[in-house]
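The working numbering applies: residue 37 is where the sequence shown begins, and numbers increase by one. In this text, a Cβ means the ideal position worked out from N, Cα and C, and glycines have one as well. A short write-up of the structure that comes next.
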Amino acid sequence: MQQNQLEKMKNDKGFIAALDQSGGSTPKALAAYGIPEDTYQGEEEMFDLVHEMRTRIITSPSFNSDQIIGAILFEQTMDREIEGKYTADYLAEEKGIVPFLKVDKGLAEEADGVQLMKPIDNLQETLDRANERHIFGTKMRSVIKEDNREGIKKVVDQQFEIGKQIIEAGLVPIIEPEVDINSPSKEDCEDILKAEILEHLNQLNSDQLVMLKLTIPTKNNLYRELIDHPNVVRVVALSGGYSTNDANAKLKDNKGLIASFSRALSQDLNANQSQEEFDTALKKAVDSIYEASIS
């Protein structure tokens, strides 16, 4: 990993932009952007369009390192170019923003009140390519729906097992065990999750560093101990279905937690906007998320 990028992730003010919608979520992302599914044919055209959308976001002057310290990419985005450079190189060299890669392959069926990750085929090959493309870290998502201790333990065990393989490859894993915001036992889930994460963190060697991406907790500052842990580079928050205003308000009540929002960043952007309208709408979103992240 690059030391200057590590220092930026540890210390700089700002948030991480989540630009990692993959196959299943791409049609919804394009529809929200004003490109309905019946206007394109096949996956190739779909991914061309979503790369155009992401390129427009990333190249906008409103997308800058004064407020955005990192960006999470989909695998295809990593392998594509922006203005003649691979996306991660463009982010790092032109924008001063640290690039991450989504590596999970989606969720398995629910069991024990959770959804584990599906097997990540060819993970080592992906990590090798990530290094070639100058990626700093990775992200992988599981989901917790019930306060089932056995299920939550399985989620955290799987995340850290794969996380250690990612660390061995020289990358920093973002471990993301999302707690469903609609869970009737959300607060209890979060208490169990915190304990399981701490157990794993305390078993890491001093040079094994991770990041955490967690649902904004019901109890304010619940994750302060995780934020301050020496093996944790940063703890970031997902919006998880909260409205932008609600997510920002809840984030402000959790000191040291910064945003890693997706929908909140792009919800007011549209393919039919002029460049000025697009940049203005993006700046408004960036400003609001940044303010919540530094409060």
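query	result
Would you be able to state if there are at least three C-beta pairs under 8 Å between the region 148-162 and the region 58-75?	no
Near D102, what residues of its chain come up, given a Cβ to Cβ distance below 8 Å and the 5 sequence neighbours on each side ignored?	G50
Just how far apart, CA to CA, sit N267 and E261?	11 Å
Out of S310, Q112, F99 and A53, which has the shortest C-alpha to C-alpha gap to E79?	Q112
Just confirm the distance between the C-beta atoms of A107 and L143, as a whole number of angstroms; I'd bet it's less than 8 Å.	The Cβ separation is near 23 Å, so there is no contact.
Can the beta-carbon of V269 be found closer than 9 Å to that of L250?	no
Please determine if the region 67-77 and the region 312-327 are in contact, where contact requires at least 3 C-beta pairs separated by less than 8 Å.	no
Determine the burial state of E119: buried for a count of at least 16 other Cβ atoms within 10 Å of its Cβ, exposed for fewer.	exposed
Return helix, strand or coil for S329, following the three-state DSSP convention.	helix
In angstroms, rounded to a whole number, what distance separates the CA positions of P135 and T95?	14 Å
Report, in whole angstroms, the separation of the C-beta atoms of Q244 and I210, which I expect to be a contact under 8 Å.	Between I210 and Q244 the Cβ distance is about 14 Å, and since that is not below 8 Å, they are no contact.
Compare the Cα-Cα distances from L301 to each of K175, E81, K141 and D315 and report the closest residue.	D315
When you compare only the Cα positions, how much space is there between I232 and K44?	According to the sequence shown, residue 232 is Glu rather than Ile. Distance between the alpha carbons of E232 and K44 is about 28 Å.
Three or more beta-carbon pairs under 8 Å between the region 211-224 and the region 177-185, yes or no?	yes
Excluding the 5 residues preceding and the 5 following T174 in the sequence, name in chain order all residues of the same chain whose CB lies nearer than 8 Å to its CB.	F136, L137, K138, V139, L163, A166, I202, L207, V208, P209 and I210
DSSP state of L207, grouped into three classes?	coil
Should S279 be labelled buried (16 or more other beta-carbon atoms within 10 Å of its own) or exposed?	exposed
Do you know whose CA, among Q311, N306, S329 and S310, lies nearest P72's CA?	N306
Note down, in chain order, each residue of its chain lying with its Cβ closer than 6 Å to the Cβ of G70, except the 5 sequence neighbours on either side.	N306, A307 and N308
Would you grab the beta carbon distance between A317 and I294 for me? Rounded to a whole angstrom, and I think it's under 8 Å.	With 8 Å as the limit, A317 and I294 do not qualify as a contact, their Cβ atoms being about 22 Å apart.
Roughly how many angstroms separate the alpha carbons of Q57 and R169, rounded to a whole number?	19 Å
From which residue to which residue does the alpha helix (DSSP H) around L301 run?	R299 to S302
Measure how close the beta-carbons of I52 and S242 come, nearest whole angstrom, since I'm counting them as under 8 Å.	Not confirmed; about 24 Å, so no contact.
Can you tell me which residues form a DSSP beta bridge with S242?	In DSSP, S242 forms no bridge with anything.
Would you mind stating whether A128 and Q160 have Cβ atoms separated by less than 9 Å?	no
Quick check on DSSP: helix, strand or coil for G50?	coil
Comparing alpha-carbon positions, which option in E223, Y122 and Q239 lies nearest I171?	Y122
Hey, how far is the Cα of Y126 from the Cα of Q39?	18 Å
Express the C-alpha separation of S98 and E130 in angstroms, rounding to a whole number.	13 Å
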